[in-house]
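Report on the following structure.
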Amino acid sequence: MNIVADLTPFRCEKPPEEAALVTLELIKALKSTPRVRLMLLTADWNDAELRRRIGTDRCVFVNVYGAWHKRNPAGGLEVPQDRRRWRRLWLEIGYGKPELLFCPFGVIVYQPSAIPTVCTVQDTRHLVYPQFFDSSELAYRNQLFDDVCRNSAAVVCTSAFTQKVFAAQYPYPKEQVFVAYQPVRSCPDAVGEDRTRQFLEAAGLPGKQFAFYPSGFLPHKNHRLLLMAFAVFCRRNPELDLSLVLTGSELAEAQDLREAMATMGIADRVYATGPVDDGMRAALYRHCSFVIYPSLYEDAAPEALAALQFGKPLLCSDRAGLPEYAGEAALYFDPRIAGELAVAMQRIMTDDRLSGELQRQGALQAQKFGAAGMARQYAEIFHSVMEK
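Just so we're on the same page, this note's numbering is the position in the sequence shown counted from 1, plus 6.
Spelled out as structure tokens, the structure:
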């Protein structure tokens, strides 16, 4: 199968979002999948980074922004839509004709006519929580989904929950909507012990137990309730010396959260690192007592899977697609009830048997989401689409 994968939407953020890195893990696995040959479409802003992260073996990179595009008068891109030009490009590199376009980031940017498109839907938050978006962002997201429905031969959802939400909102043929779970990302190497020690000392954490929430400050990530629950936990369990580490980009709401921490008397036990790189994130996973994930809404759960991959107990929201990924390897709670989360934190800190069982289940659960298996699942979807 000759597959064109459009990676132009990937942005080289520092650091990239976990979901984007998991998508690249899938692409790397697809390279090694039998009968799959990949042409990867890149752009000036990400070509070098994608080559570094994915590797240049067993695939061909084509910088469509810098190599064979035309600028239109407005400064945008006019990419060849003629199938013959796509086929000629493919033949020039010895791959035969393209048979399918894969859009793993949920955006259809370049679409050669007469070959089917398979698009992954990764984020349906706006369909359930429109209040978290302004009118322009809602309009943009709705337009993207309209394009997907109009131009895709098949849609891939990252959980059965997402499939249900998508089917309820769009009149898209149900037999053309598939579920393929995101793979667990291979554990990145942690930074050296010296840098880790310096980081933990700066946070006042060396030798301390801490819970880790690896997520940015977005409304659905539910930081406010987490802080309320942590305050309740600290008040009820003064003998348990636990800190809380938060990572990720900070938005305007973060200042309000800092003020709330001070009001609740937990400011000295909560450390917000800001964005961290792969190595430091890995170090935090390795040194934390447990990972906590109180999100209100997730189509998939790459950060939760990472907790299982690192062998850490997971406290997890019971909403949306999270239970499909965590399975029996998490202690669940209702992310709308602070008291319930506080009790879960107490249990994981005081019940060694429970903690050990979650770690054992986590190792088994992580094995279900190997990248090779997920890639084979996608290859089967590609094959079924091309047969029609």
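Heads up, the beta-carbon is just placed ideally off N, CA and C, and yes, glycines get one too.
It should be emphasised that the depicted structure is a prediction, and the values quoted were computed from it without experimental measurement.
Use the C-beta contact count for residue i: other C-beta atoms within 10 angstroms, 16 or more gives buried, fewer gives exposed.
i	result
residue 174	exposed
residue 220	buried
residue 24	buried
residue 234	buried
residue 33	buried
residue 394	exposed
residue 246	exposed
residue 274	exposed
residue 199	exposed
residue 237	buried
residue 204	exposed
residue 17	exposed
residue 188	buried
residue 121	buried
residue 261	exposed
residue 249	buried
residue 356	exposed
residue 378	exposed
residue 80	Annotation note: pLDDT 36 at residue 80 (below 50); position unreliable, coordinate value reported separately. It counts as exposed.
To the nearest angstrom, how far is the alpha carbon of residue i from that of residue j?
i	j	result
residue 380	residue 106	18 Å
residue 392	residue 184	15 Å
residue 209	residue 276	9 Å
residue 138	residue 305	16 Å
residue 29	residue 110	7 Å
residue 390	residue 125	14 Å
residue 346	residue 7	50 Å
residue 180	residue 303	23 Å
residue 269	residue 232	15 Å
residue 362	residue 354	10 Å
residue 75	residue 61	Confidence in residue 75 is poor, its pLDDT being 44 and thus under 50, which makes the residue's placement unreliable; the coordinate value appears in the next sentence. Approximately 24 Å, taken between the alpha carbons.
residue 73	residue 67	Bear in mind that a pLDDT of 44 at residue 73, under 50, signals an unreliable position, so the model cannot answer this.
residue 159	residue 182	7 Å
residue 104	residue 40	17 Å
residue 147	residue 108	19 Å
residue 88	residue 15	Note that residue 88 has pLDDT 48, beneath the 50 cutoff, so the model's placement of it is unreliable and the number below is only indicative. Going from the Cα of residue 88 to the Cα of residue 15 covers about 21 Å.
residue 144	residue 132	7 Å
residue 401	residue 264	The structure shown does not extend to residue 401, since the chain is modelled only from 7 through 394, so no value can be given for it.
residue 43	residue 64	7 Å
residue 272	residue 45	51 Å
residue 10	residue 255	32 Å
residue 382	residue 374	13 Å
residue 70	residue 53	10 Å
residue 344	residue 359	24 Å
residue 350	residue 57	43 Å
residue 244	residue 178	54 Å
Per DSSP, what kind of secondary structure is residue i in: helix, strand or coil?
i	result
residue 122	coil
residue 188	coil
residue 301	coil
residue 86	Its pLDDT being 46, under 50, residue 86 is placed unreliably by the model, and nothing is read from it.
residue 177	coil
residue 294	coil
residue 22	coil
residue 224	coil
residue 43	strand
residue 215	strand
residue 5	With the chain represented from 7 up to 394, any question about residue 5 goes unanswered, as that position is not in the structure.
residue 17	coil
residue 152	helix
residue 235	helix
residue 164	coil
residue 183	strand
residue 316	coil
residue 202	helix
residue 64	coil
residue 146	helix
Looking at residue i: is its Cβ nearer than 8 Å to the Cβ of residue j?
i	j	result
residue 36	residue 384	yes
residue 333	residue 365	no
residue 218	residue 251	yes
residue 368	residue 317	yes
residue 152	residue 114	no
residue 314	residue 339	no
residue 192	residue 386	no
residue 228	residue 165	no
residue 12	residue 135	no
residue 163	residue 127	yes
residue 172	residue 352	no
What does residue i pair with, by DSSP beta-bridge criteria?
i	result
residue 322	299 and 338
residue 277	251
residue 8	43
residue 107	10 and 123
residue 240	DSSP lists no partner for residue 240.
residue 48	69
State yes or no: is the C-beta of residue i nearer than 7 Å to some heavy atom of the ligand NAP?
i	result
residue 332	Within the structure as shown, the ligand NAP is missing, as the structure has no ligands at all.
Could you check whether the Cβ of residue i sits closer than 8 Å to any Cβ belonging to chain C?
i	result
residue 8	The structure shown contains no chain C; it holds only a single protein chain.
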